[in-house]
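Peer 1: Here you go, one structure.
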Amino acid sequence: MLQQKWTIDKIQDWLEKIDKGMITFQEGKAWEILWQLDQVEWVDGEQSQHKAQLFAMLAKARYDRIGKIDPLVERWTNEALQKNHSSVIAHELRVEMLINFLKSIPIPNKFPPIRETDHSSAKKQTAKEYEEIAERFFNYYETYKEMSTEVQDSLPFISENSNAKLKLLSDLIEQFQSPFDSILKAVRQYASSVQGVYYSATQFQEVAKATSEIEQLMGRWNAERANELQSKEQSALQELKAMIGLEEIKERVRELYQFLHYQKERMRQGFQAKDSINLHMILQGNPGTGKTHLARLIAKIYNELGLLDRDEVHEVDRSRLVGAFVGQTEENTLKAIEEAKGGVLFIDEAYTLKRTGAAGNDYGQTVIDTLVSAMTSGKYAGTFAVILAGYPEEMRSFLRANPGLRSRFPDQNQLELVNYSLEELVQIGEQVAIENDYILTIEAKREFMKRIEKAQVDESFGNARTAKNIILDAIFQKGARMSLENPQTDDFVFLEANDFKGKSPTKIELSARDELDDLIGLEQVKKEINQLTSFVHIQQLRREKGMKTLPLQVHSVFTGNPGTGKTTVAKLYAKSLREIGLLKRGHLVVVSRADLVAGYVGQTAQKTKEKVKDAVGGVLFIDEAYSLLSKGQGDFGKEVINTLIQQMTEYEENLAVVLAGYGEEMEELLSSNPGLRSRFKKHISFPDYGQSELLKIILLRANHAGYQFGAEVKETLTKLLPEAGHAGNGRFAVDIFDQLAQTQSLRLSDRLENEQLDVEELSTIKEEDVLQVLGNRGI
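For what it's worth, full-length UniProt numbering labels the leading residue of the sequence shown as 1, then goes sequentially.
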């Protein structure tokens, strides 16, 4: 149960900030507070007052968004008035509904003409059209009168502005009555008077006079609507302010707007400036941070200030600019500049224009040279703005390699869009849901947050794009699961927790601990892995409860001979860390020296970083890690180690690294670098398999593959397996079974021409198969 005082303070603080314009109303937040209100015992009707205000605001927000009255708008408005008949917002909404109904007046701006030369049938048809227009108006007028009566008790509660607007439109509606009444009477008499080309001139004149009067009234009507629409138009700064998050960017753009406005005013007053206003801009940010949307708003700002003729953005990327032969690239680039003239040329992923180590026939540099020339001189200079966009790290490297391009973008025009916070992503998700006419329940919001946190693995996280995709997937899951037998309105409105959980698993999956327990042997390894993951889990729980925690030590060294299960256990270790919530992906990336070490300076670090990125959110398993330590000249193994240490520090708990290899060699590797040893304090030794364990592995492998052994076959196999085990360990056991299956297949294939084989024969491995395989191997 929630504390009443905390809930009251929270509601009052939130509503006060909305009233002062400090924050915008959020439908999802309103529903969260409504659900919280039901968890508290209230006195003196305070709960009803808060609920009334929230329902009224929800109805108003929905009405503004969809532009019409639907069952939910009507229900929430009535709910608000039932709980508090003095709800100003609800009364304002009822009147606003009437005002919007008045704006939907069914009158054409121009009436169809009645020509004197028309045949009688054409004149009768036109008269009929006039009659239908008049009848539509009077039907509309009757509905208006009914609605007007219903809102009379709301008039004392509404603002002077709403009262004045309603009075103006109501007076205009009343003025339409008389000319429409004249039209209705006149056209009926007129239609009956038409014979051939003859007609009643009196009725014709009455219709013409009435339509002229109506068209004049419609002129006033449309002028009133145009004034209102113009007052509601948002400026680019208002649009930016309404966006979720991006507080630093909003302030930078506001300052830029003020500066550009100031410079423009100076020029208007006759002051001279040696340097023209620089409109070119660089936007850096990870996927889904709003770079493209911000570019469009900046184009709108430039246009509003009169700095550009158009607010249009021409979007291109490398594929649209770089050609396949000499001359084509320059032609493509000039064409893009021509199309962007008067507006903004937006180049997404601009860093791809100049690729490191690109071949001589790569013409990305030609794009840059052509662009710089057009920005600074010639007929295009000053006629368009360039906005380059891309990921932060790549854009910084790109600009360092192109100082000529970099100098065209002043520091104040370089903006970096940071990743959205979890709270902001929730708001974005709620907004996407609302735009699709859905609302998230509190439980749905929690599941949505879990999905977001799971997706926040590395810099490839899609931010707002990912939030949108998760919401759209939940909408799909809801529609795919919901039965359409006796659906309720809420079934089409609320997204619930179950909608975010995806498909139900088709089979029950064993936990990592259960899978580990099912492995043959390795009892001490199992104990140490369970101890390690339990420690991590408990420290996480302590952290969640605000208790002191010990440093998490998830990086490990696995030592043992080949085939002792190091890779298999590492895979289950990754899965276990995912299950307890430390790792978000829980996958295993296996690499060796060849995957990390390159042939020249710089490439090794890059290769290592790429493999680390692949493993972020999971476990990086470096097999035969001791091979990184080489005493040869010009070897880059140490570069791998240094890069690995740096990357482990950067990704912290979002990455676990396992070094694997022989015991002595691994000890030598750790001794070579103090930073390496300090990060790998957990050492797990994998013993060799004995005879009984090798037999169990063979039998388990056979069972999983649908094969069986007779009792005497198992005894023979046991006797023939080395008592001390085998250097190949588990790999040896797996190899033995594979050869047994092949030997059995060869034996059975000789009988296929003369007889049919039953299921038992196809699945049974006999003693002769065992003797032949072990004999062939010299055992």
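Every residue, glycine too, gets a C-beta built ideally from N, C-alpha and C.
Just so it is clear, the structure is predicted and the values come from calculations on it, not from any experiment.
Would you say A134 and I183 are within 8 Å of each other, going by their C-beta atoms?
Peer 2: Position 134 of the sequence shown, counted from the first residue, corresponds to residue 134. Position 183 of the sequence shown, counted from the first residue, corresponds to residue 183. For A134 and I183, yes; Cβs fall inside 8 Å.
Peer 1: Quick one: what's got a C-beta closer than 6 Å to T564's C-beta in the same chain, skipping five residues either side?
Peer 2: The count along the sequence shown starts at 1 and reaches residue 564 at position 564. Excluding residues within five positions, the ones whose Cβ falls inside 6 Å are F686 and N729.
Peer 1: Touching or not, the segment 397 to 414 and the segment 292 to 300, by the rule of three or more beta carbon pairs under 8 Å?
Peer 2: Output reads no: the segment 292 to 300 does not touch the segment 397 to 414.
Peer 1: Buried or exposed: I298, going by 16 or more other Cβ atoms within 10 Å of its Cβ?
Peer 2: As a working note, residue 298 is residue 298 in the sequence shown. Buried.
Peer 1: Within a Cβ cutoff of 7 Å, which residues of the same chain sit near S627, ignoring the five residues on either side of it in sequence?
Peer 2: Looking up residue 627 in the sequence shown gives position 627. Taken in chain order, the residues that qualify are R593.
Peer 1: When DSSP labels each residue in this structure, what does E16 get in the three-state scheme?
Peer 2: Taking the sequence shown and counting its residues from 1, the one referred to as residue 16 is at position 16. Here E16 sits in helix by DSSP.
Peer 1: Considering just the uninterrupted stretch of the alpha helix (DSSP H) at S373, what are its terminal residues?
Peer 2: By 1-based counting over the sequence shown, the position of residue 373 is 373. Looking at the DSSP string, the run of the alpha helix (DSSP H) that includes S373 is G364 to T376.
Peer 1: Taking all protein chains shown into account, decide if F476 is buried (16 or more other Cβ within 10 angstroms of its Cβ) or exposed.
Peer 2: Stepping through the sequence shown from its first residue, residue 476 is reached at position 476. So F476 counts as exposed.
Peer 1: Considering only the alpha carbon of each residue, which of Q524, F398, Y144 and R268 lies closest to N100?
Peer 2: By 1-based counting over the sequence shown, the position of residue 100 is 100. Comparing Cα-Cα distances from N100 to each of Q524, F398, Y144 and R268, the minimum goes to Y144.
Peer 1: From V95 to H537, what distance separates their C-alpha atoms?
Peer 2: In the sequence shown, residue 95 corresponds to position 95, counting from 1. In the sequence shown, residue 537 corresponds to position 537, counting from 1. Cα to Cα, V95 sits roughly 58 Å from H537.
Peer 1: Shortest alpha-carbon distance to E447 belongs to which of V457, K638, G429 and N463?
Peer 2: If you number the sequence shown from 1, residue 447 lands on position 447. Residue G429 is the option with its Cα nearest to E447.
Peer 1: Determine, using beta carbons only, whether A574 and H587 come nearer to each other than 8 Å.
Peer 2: Working through the sequence shown from its first residue, we reach residue 574 at position 574. Working through the sequence shown from its first residue, we reach residue 587 at position 587. A contact, by the Cβ cut-off of 8 Å.
Peer 1: Quick one: what's E661 bridged to in DSSP?
Peer 2: Here residue 661 refers to the residue found at position 661 when the sequence shown is read from its first residue. According to the sequence shown, residue 661 is Gly rather than Glu. For G661, which the question treats as bridged, DSSP gives the partners T559.
Peer 1: Quick one: residues in its chain with C-beta nearer than 7 Å to the C-beta of I277, no 5 flanking neighbours on either side, listed in chain order?
Peer 2: The count along the sequence shown starts at 1 and reaches residue 277 at position 277. Excluding positions up to five away in sequence, the list reads L260, Q263 and L307.
Peer 1: Can you tell me whether DSSP reads F180 as helix, strand or coil?
Peer 2: Indexing the sequence shown from 1 puts residue 180 at position 180. Helix, per DSSP.
Peer 1: Considering only their Cβ atoms, is the gap separating H683 from residue 798 smaller than 8 Å?
Peer 2: Residue coverage of the chain in this structure runs from 1 to 779, which leaves residue 798 outside it and unanswerable.
Peer 1: Can you grab the Cα-Cα spacing for the pair N469 / F500, in whole Å?
Peer 2: If you number the sequence shown from 1, residue 469 lands on position 469. If you number the sequence shown from 1, residue 500 lands on position 500. Approximately 11 Å between the Cα atoms of the pair.
Peer 1: Under three-state DSSP, which class holds V525?
Peer 2: Along the sequence shown, one-based indexing puts residue 525 at 525. Here V525 sits in helix by DSSP.
Peer 1: Using 8 Å as the threshold, is the C-beta distance between E304 and S377 below it?
Peer 2: Position 304 of the sequence shown, counted from the start, is the residue given in the question as residue 304. Position 377 of the sequence shown, counted from the start, is the residue given in the question as residue 377. Contact: no.
Peer 1: Under 8 Å between the Cβ atoms of E668 and G521?
Peer 2: Position 668 of the sequence shown, counting from 1, holds the residue named residue 668. Position 521 of the sequence shown, counting from 1, holds the residue named residue 521. No, these two residues do not count as a Cβ contact at 8 Å.
Peer 1: Only counting the same chain, and skipping five residues up and downstream in sequence, which positions put a Cβ closer than 6 Å to that of R578?
Peer 2: Along the sequence shown, one-based indexing puts residue 578 at 578. Once the five neighbours on either side are set aside, the close Cβ partners of R578 are G586.
Peer 1: Run through the DSSP bridge pairs and tell me what I439 is partnered with.
Peer 2: What you label residue 439 is simply residue 439 of the sequence shown in a count that begins at 1. Beta-bridge pairing links I439 to F494.
Peer 1: Suppose you measure from the CA of T718 to the CA of Q742; what does that come to, to the nearest Å?
Peer 2: The residue you call residue 718 lines up with position 718 of the sequence shown. The residue you call residue 742 lines up with position 742 of the sequence shown. The straight-line gap from Cα to Cα measures roughly 20 Å.
Peer 1: Measure the alpha-carbon distance for L425 versus Q431 and round it to whole angstroms.
Peer 2: Your numbering for residue 425 matches position 425 in the sequence shown. Your numbering for residue 431 matches position 431 in the sequence shown. Approximately 10 Å between the Cα atoms of the pair.
Peer 1: Less than 7 Å between C-beta atoms, sequence neighbours within five positions excluded: which residues of the same chain meet that for L54?
Peer 2: Translated into positions along the sequence shown, residue 54 becomes position 54. Counting only Cβ-Cβ distances below 7 Å, and skipping sequence neighbours, we find A30, I33 and L34.
Peer 1: Specify, as a first and last residue, the run of the alpha helix (DSSP H) that F621 falls within.
Peer 2: Walking along the sequence shown from the start, residue 621 turns up at place 621. Note, F621: premise wrong, no alpha helix (DSSP H); beta strand (DSSP E) at V619 to I622.
Peer 1: On the DSSP letters alone, give me the boundaries of the alpha helix (DSSP H) that V734 sits inside.
Peer 2: Taking the first residue of the sequence shown as position 1, residue 734 is located at position 734. Counting along the chain, the alpha helix (DSSP H) containing V734 begins and ends at N729 to S749.
Peer 1: For E416, report the span of its beta strand (DSSP E) as first-last.
Peer 2: The sequence position of residue 416 within the sequence shown is 416, counting from 1. First-last of the beta strand (DSSP E) with E416: Q414 to L417.
Peer 1: Would the beta-carbon of A444 fall within 8 Å of that of L510?
Peer 2: Translated into positions along the sequence shown, residue 444 becomes position 444. Translated into positions along the sequence shown, residue 510 becomes position 510. In this structure, L510 does not lie closer than 8 Å to A444 by Cβ.
Peer 1: Using the Cβ count rule (16 or more neighbours within 10 Å means buried), how would you classify V326?
Peer 2: Here residue 326 corresponds to residue number 326 of the sequence shown, with the count starting at 1. Exposed is the call here.
Peer 1: What would DSSP say about L629, mapped onto helix, strand or coil?
Peer 2: The residue you call residue 629 lines up with position 629 of the sequence shown. The answer is coil: DSSP assigns L629 none of H, G, I, E or B.
Peer 1: Considering only their Cβ atoms, is the gap separating D309 from I347 smaller than 8 Å?
Peer 2: Within the sequence shown, the letter at position 347 stands for residue 347. Within the sequence shown, the letter at position 309 stands for residue 309. No; because the gap between Cβ atoms is not below 8 Å, this pair is not in contact.
Peer 1: Under DSSP, the alpha helix (DSSP H) around F138 begins and ends at which residues?
Peer 2: One-based indexing of the sequence shown puts residue 138 at position 138. From DSSP, the alpha helix (DSSP H) with F138 extends over S120 to E150.
Peer 1: Run through DSSP, which three-state label would K341 get?
Peer 2: Your numbering for residue 341 matches position 341 in the sequence shown. Note: K341 maps to coil in three-state DSSP.
Peer 1: Which partner residues of Q284 appear in the DSSP bridge assignment?
Peer 2: As a working mapping, residue 284 is identified with position 284 in the sequence shown. G390 and E416, per the DSSP bridge assignment.
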